[in-house]
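The numbers in my numbering rise by one with no breaks, and the one at position 155 of the sequence shown is 162. All remarks here apply to the structure that follows.
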Amino acid sequence: MGHEVFGEVVEVGEQVTNIQIGKKYVVYPWIGCGNCNECQNDMEHYCSPFTAENIGVSVDGGYGEYVLVKDSKYLFDAGDTPEELAGSYACRGLTAYSALKKAEIKDGENIVIISAGGMGLLALKIAQAAYNIKTIVVDIDNEKLDVAKNAGANNVINSKNENASEEIIKLSGGKVTKIIDFVGSQSSMSFGYSLFGINKGGLYVLVGLIGGNFNLQLPLHTFTARTIKGAYVGSLKEMGELMELVRSGTIEPIEVEARPASQASDTLTDLKSGHIKGLVCLKH
8 MGHEVFGEVV EVGEQVTNIQ IGKKYVVYPW IGCGNCNECQ NDMEHYCSPF
58 TAENIGVSVD GGYGEYVLVK DSKYLFDAGD TPEELAGSYA CRGLTAYSAL
108 KKAEIKDGEN IVIISAGGMG LLALKIAQAA YNIKTIVVDI DNEKLDVAKN
158 AGANNVINSK NENASEEIIK LSGGKVTKII DFVGSQSSMS FGYSLFGINK
208 GGLYVLVGLI GGNFNLQLPL HTFTARTIKG AYVGSLKEMG ELMELVRSGT
258 IEPIEVEARP ASQASDTLTD LKSGHIKGLV CLKH
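This is the structure:
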């Protein structure tokens, strides 16, 4: 376990010349077999789970003291990024970056981000650095919404509020066109998808994995020409783009709570119960 890894290189292979021993790097964990069509076309993260070598999923990850990475191309310099935050870019940050790209954002647009949790906050900070847009962050937890507002969200809305949909539509200039859902539950999608109303051409990027079922009216979906896109982590190329943005210093860091790796089980329990606000990292 442990797929968001930032650590010090202690040993390299004989033919590795571009990696510095003693320096810390972020590890791209979504490593494929290297032979399939997906891997040959910069989509290693889509490699079959039966052949992929994903760090922390298929092979030993960051919960251990040492991690073996099979190629230097999977290591990225994080610049001056706080080390407690750096590892988050390997999954949560990368997923947020890829989802923002899939949203096909245009200059000046209003973007609805569902979730003020760790990934939603990273998406907010990356969006602020990479795009000229206005952000509306939606959640059911007022404490998390306060964190998002302090992190720079233009507007925050509690979806439990009676007039939440009307408020969001009004803030969006009367028409919601882009939604990124980092929750991915029946309730989040039912709420988010309803924001489109009868407007045509809406784009819904589904990221979260909470799960459930969603009742989709097929004729209405066709009539309104909407698009639903799934977003699963990101490619090695996208990781390179993201880390270049990270090194530029334009992404404002968010606070991260550091805990010893020995508290991994307790941390997972806190995460499941919703007691964690923002990000937590585990350190050896």
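For each residue, glycine too, the CB sits at the ideal point set by N, CA and C.
Check                                                                                                                          : Outcome
Residues that DSSP places opposite residue 289 in a beta bridge                                                                : 266
Sequence-distant residues of the same chain with beta carbon closer than 7 angstroms to residue 217, five excluded per side    : 190, 191, 192
C-beta atoms of residue 112 and residue 138 nearer than 7 angstroms                                                            : yes
Beta-bridge partners of residue 141, as assigned by DSSP                                                                       : 117
Three CB pairs or more closer than 8 angstroms across the stretch 249 to 257 and the stretch 144 to 161                        : no
Same chain, Cβ closer than 7 angstroms to residue 258, five either side skipped, listed in chain order                         : 132, 133, 136, 252
N-terminal and C-terminal residue of the alpha helix (DSSP H) that residue 156 is part of                                      : 149 to 157
Buried versus exposed call for residue 102 [16 or more other C-beta atoms within 10 Å across all chains shown]                 : buried
Beta-carbon spacing of residue 121, residue 154 below 7 angstroms                                                              : no
Supposed close pair residue 243, residue 35 - CB separation, criterion 8 angstroms                                             : 6 angstroms
Exposure label - residue 83; buried when at least 16 CB within 10 Å                                                            : buried
Residue 88 in three-state terms, based on DSSP                                                                                 : coil
Exposure label - residue 24; buried when at least 16 CB within 10 Å                                                            : exposed
Close-in-space but distant-in-sequence residues of the same chain around residue 77 (CB under 8 angstroms, 5 per side omitted) : 38, 60
Reference residue 125; option with closest CA among 188, 73, 174, 67                                                           : 188
The ligand ATP heavy atom lying under 6 angstroms from the CB of residue 98                                                    : Here there are no bound small molecules, and the ligand ATP is not part of this structure.
Three-way DSSP call (helix, strand, coil) for residue 240 in this model                                                        : coil
Residue 269 burial status per 10 Å Cβ neighbour count (16 or more: buried)                                                     : exposed
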